[in-house]
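Here's the structure we're looking at; comments come further down.
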Amino acid sequence: MMSASTSSRPVLLRLVKWILIPLGLVISIWLGVILWWQSSKRQISLEDVLIYLVAMPLAAIGIFAAIQWRRARQIKKDQSAPTTAKPANTAPNAANITESTVPSGLPVIAGWGITCAGPGIHDFHSALLEKKLRPQPDNGLLNDYGYPIHAGRVRDIDTSVVESGLERIIANNPGLSPAYNDSGRDGFLRALALLHHLTDQLNMDWPLMVESAETNDSRHGLATLRGTEPVDRQAHKRLRLQIKFIVPADFTPAEQQLALAYLLQQTSSLPVDSGSMHVQMVAATDEPAALLLAERFRTEYLHAAESQALLLLACDSTLCQVITERWQVESRLFASDTPQGLMPGEAAFAILCVNDKARSLALTSPSCTLQPVILGRRDEPADGARKAGHAMLDTVVKGALAAAGVSTEECVAIACDADHRSSRVLECIGTMLANTPHLDAIEDRLAINEMCGHTGAASNAGSCIAGIVHVAETGRPVLLFNVSHAYERAAAVLLPSADLAQASRHA
265 MMSASTSSRP VLLRLVKWIL IPLGLVISIW LGVILWWQSS KRQISLEDVL
315 IYLVAMPLAA IGIFAAIQWR RARQIKKDQS APTTAKPANT APNAANITES
365 TVPSGLPVIA GWGITCAGPG IHDFHSALLE KKLRPQPDNG LLNDYGYPIH
415 AGRVRDIDTS VVESGLERII ANNPGLSPAY NDSGRDGFLR ALALLHHLTD
465 QLNMDWPLMV ESAETNDSRH GLATLRGTEP VDRQAHKRLR LQIKFIVPAD
515 FTPAEQQLAL AYLLQQTSSL PVDSGSMHVQ MVAATDEPAA LLLAERFRTE
565 YLHAAESQAL LLLACDSTLC QVITERWQVE SRLFASDTPQ GLMPGEAAFA
615 ILCVNDKARS LALTSPSCTL QPVILGRRDE PADGARKAGH AMLDTVVKGA
665 LAAAGVSTEE CVAIACDADH RSSRVLECIG TMLANTPHLD AIEDRLAINE
715 MCGHTGAASN AGSCIAGIVH VAETGRPVLL FNVSHAYERA AAVLLPSADL
765 AQASRHA
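Right under this line is the structure:
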């Protein structure tokens, strides 16, 4: 009996709300109109009655119904996973992992990044440890009241280079549209400017050989007047590079085409044969896209017969008047009256992984290995009116630790995408107290969005970078998980490579 009454209570509350609110609207309108008529001593006609006592209440009820319908539709949209905006889900479920099944980890060769902390991942990692950098009032972004918005701006970003590059691309490809000029999308241009700086780092510090020495030797006598021809029998020795480009889901189709064309131009100078390079764009918001894509590569290509590499690129910028105005209308922008709102931020990250066959092409030892990614989905949204809770995050964390074959005491830090919102902070702290009680919930938690603001599509890759650098510097395991998304949860463990583990034992 108690469970039946508890389950029917939300239905009764919704029914009462749908009855009382429209009734209150009608009574308020009638009362206001009648008082106005009495004070103005207006001669009332049948037309006045129809307009003010019938049409106006019906219009108010219609507006209320439309608002409720839109809110219900948005909740339903959040609950349903968008098929085009998310990578395929190949990660195992927490219930299917036991401590006896410990799959091989994915070698992570290197990482790159640019954030408000600086143009390198070590500046980013140091700022996360110091915990002194936070989003600041930004005079370049003002709300409707003229006050600066708190934001994590990357300084000295010049979008003119991107604009000139896009103009050349559009001139050479008449089918592309310069739609960003019409909407004033500063966020789009700033995201590509971050990508520009990121690819400069890649071209400067590329850590893989193009192909094996055997392949180069076999090609010396194959030069013709048409150039060096490919050799099918040596194809398995060449490096095949998959580039997964993670972009914001709110990019328009025209912006996606321009961003992809710009990326192809920027990566054309990488020391990889263009015929062995495959580029795919993945749209994301707050999903753990980087972890999902890495897990898919691990399960499909880790033990493949040919040399395979995965380059994850993620960039996003919400420092855009179009975005902040939309957030303010939706009451999602951080302010004194909306403390659970978002602070704009921006960042770009890159992660390079290889399979077992391609490890011999690496010029450096792997920074760490990514263990299996465990997925889960919350029953209630983290932003909902009910208590947030951390039960699902606990489940995926326990599954990730079991899949990696490590104990909780071995982890020295947590890397996540939490921001200042209390629901996300409490979810992280609750999970850490339940699973890693030896860690300090503040000092040992590396949270990218607390420092950089809302980095959206780049947030999951940013938390991965924080963990990668921490493992490389400490030689100890780091636990990864995400909390930015309203429903989706993922967790994994980063383990030190054999060289790092041996060095840490000697230390």
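Each number in my numbering corresponds to the 1-based position in the sequence shown with 264 added.
Note that the Cβ used here is the ideal one computed from N, Cα and C, for glycine as well.
Buried/exposed call for residue i, threshold 16 Cβ in 10 Å
i    : result
R432 : exposed
L466 : buried
V689 : buried
P321 : buried
Q506 : buried
A573 : buried
K396 : exposed
L576 : buried
N724 : buried
G720 : buried
S303 : exposed
V637 : buried
V318 : exposed
Residue i (DSSP reduced to helix, strand or coil)
i    : result
R753 : strand
V425 : helix
W333 : helix
E610 : strand
A374 : strand
L430 : helix
R590 : helix
P517 : helix
K305 : coil
A682 : coil
M541 : strand
A568 : coil
I283 : helix
G640 : strand
H702 : coil
H654 : coil
Alpha carbon of residue i to alpha carbon of residue j, nearest angstrom
i    : j    : result
G326 : L289 : 11 Å
L557 : F598 : 31 Å
S424 : R623 : 39 Å
C675 : I331 : 47 Å
W333 : H718 : 28 Å
I285 : V747 : 35 Å
Q592 : N407 : 8 Å
L287 : L295 : 12 Å
H734 : A578 : 20 Å
D450 : I421 : 12 Å
D312 : K305 : 13 Å
V788 : I712 : Nothing can be reported for residue 788, as the shown portion of the chain is limited to 265 through 771.
H702 : I678 : 12 Å
A755 : A435 : 44 Å
D643 : Q400 : 34 Å
H542 : L503 : 11 Å
L616 : D681 : 20 Å
T628 : M473 : 10 Å
T563 : K662 : 20 Å
P760 : D683 : 27 Å
R740 : Q585 : 42 Å
R685 : I693 : 12 Å
Pair within 9 Å by beta-carbon distance, residue i and residue j
i    : j    : result
R641 : R560 : no
S571 : V536 : no
L370 : L566 : yes
A455 : A554 : no
Q521 : V511 : no
M607 : G416 : yes
R596 : G605 : yes
E691 : L665 : no
V426 : H460 : yes
A750 : A646 : yes
L453 : A525 : no
A374 : P471 : yes
V418 : L634 : no
A568 : K621 : yes
A722 : D580 : yes
Same chain only: Cβ atoms within 7 Å of residue i, ignoring 5 sequence neighbours per side
i    : result
A762 : none
T463 : Q530, T531
H778 : Residue 778 lies beyond the range of the chain shown here (265 to 771); nothing can be said about it.
T672 : L665, N699, T700
A324 : L289, I293
D550 : G720, S723, S748, H749
Near the ligand ATP: residue i beta-carbon under 8 Å from a heavy atom
i    : result
S727 : Among the components of this structure there are no ligands whatsoever, and the ligand ATP is therefore not found.
Close beta carbons around residue i, own chain, < 6 Å, minus the five adjacent residues each side
i    : result
A736 : S631
C716 : T379, C380, G416, G609, A611
Contact set for residue i: own chain, Cβ-Cβ below 8 Å, skip 5 residues either direction
i    : result
N774 : Any question about residue 774 goes unanswered here, given that the chain covers just 265 to 771.
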